[in-house]
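Read through the structure below, which is laid out as structure tokens, and then see the notes.
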Amino acid sequence: MDLGGHKVTLCIAVVAYILYLILPYAGPAHGWEALTFGTTSSGVRISIMETVSAWLALIGLGILTPVTLFTRRATPGLIAWMLVTVSFFANLWGFWFRGSTADGASLGMWVGMLATFLAFLAYSTVALRRSPEQKAAEARVRATAGQLDEVGEFQSRIDAAPQREPLEDNRRKQAAERHRAQRGEQ
922 MDLGGHKVTL
932 CIAVVAYILY
942 LILPYAGPAH
952 GWEALTFGTT
962 SSGVRISIME
972 TVSAWLALIG
982 LGILTPVTLF
992 TRRATPGLIA
1002 WMLVTVSFFA
1012 NLWGFWFRGS
1022 TADGASLGMW
1032 VGMLATFLAF
1042 LAYSTVALRR
1052 SPEQKAAEAR
1062 VRATAGQLDE
1072 VGEFQSRIDA
1082 APQREPLEDN
1092 RRKQAAERHR
1102 AQRGEQ
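Just add 921 to wherever you are in the sequence shown, counting from 1, and you've got the numbering used here.
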């Protein structure tokens, strides 16, 4: 997988993910505690969506992104892209959940969202752009698309309408002449 200039972005996302694990996530709970469902030892309630987001980020950013950076293979990169994308949107749901609890979002939660967002953007850009091979194949298809075989040429000749002179709309001129003729003017 050709990451191009997005290697730096993905490295920053991995570092931000590591910070997410260390920094306070919600209240006194740290980011690594979001991997557990239920209530943490410090009494912070973690929802199922926050746990899902944390696990998807762990697999996508913590494991598969470094694998992609080191091996430059497409398969772990594409799987990481899918996991990080779902994790990002689940993380946004986590912010909504945190707004309705006593333990609001802390710095770690914001850093985690930033990490998944950066990885989402980088992977989307890499996965959705065309490779040089795809561009060359598209050029070949476009070059051959304009060439017709015998049947296509015959159909083009049959379907071609005979060329006619453009019609001239002279109804106003004729109406004016009739009007003058009725009045006796010439």
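Even for Gly, the Cβ is constructed at its ideal location relative to N, Cα and C.
I need the DSSP call for Arg1050, collapsed to helix, strand or coil. Coil at Arg1050, not helix or strand.
For Thr888, the three-state DSSP class (helix, strand or coil): Because the chain in this structure spans residues 922 to 1107, residue 888 falls outside the shown range and cannot be described.
Under 8 Å between C-beta atoms of Thr986 and Ala1040: Yes; because the gap between Cβ atoms is below 8 Å, this pair is in contact.
Pull up the distance between the alpha-carbon of Ala1043 and that of His927, whole angstroms please. Their backbone Cα atoms lie some 6 Å apart in a straight line.
Please state whether the Cβ-Cβ distance between Thr1037 and Phe1009 is less than 8 Å. Going by C-beta atoms, Thr1037 is nearer than 8 Å to Phe1009.
Output the boundary residues of the beta strand (DSSP E) element that contains Ala947. Run containing Ala947: 945-947, per the beta strand (DSSP E) assignment.
Three or more C-beta pairs under 8 Å: does that hold for the region 1057-1073 against the region 958-973? Segments in contact, no.
Just checking, does the region 983-999 make contact with the region 949-967 on the three C-beta pairs under 8 Å criterion? Taking 8 Å as the limit for Cβ pairs, the verdict is that the region 949-967 does not touch the region 983-999.
Spell out the partners DSSP gives Arg966 in its beta bridges. Bridge pairing for Arg966: Thr960 [DSSP].
Taking 8 Å as the cut-off, decide whether the C-beta atoms of Val965 and Ala947 are in contact. Result yes, Cβ atoms of Val965 and Ala947 sit closer than 8 Å.
Which one or two residues does DSSP pair with Ala1026 in a beta bridge? Beta-bridge annotation (DSSP): Ala1026 is paired with Ala947.
Out of curiosity, what's the CA-to-CA distance linking Leu931 and Leu990? Looking at the backbone, the Cα of Leu931 and that of Leu990 are separated by about 8 Å.
Looking at the secondary structure, which residues open and close the alpha helix (DSSP H) in which Ala1097 lies? From DSSP, the alpha helix (DSSP H) with Ala1097 extends over 1092-1104.
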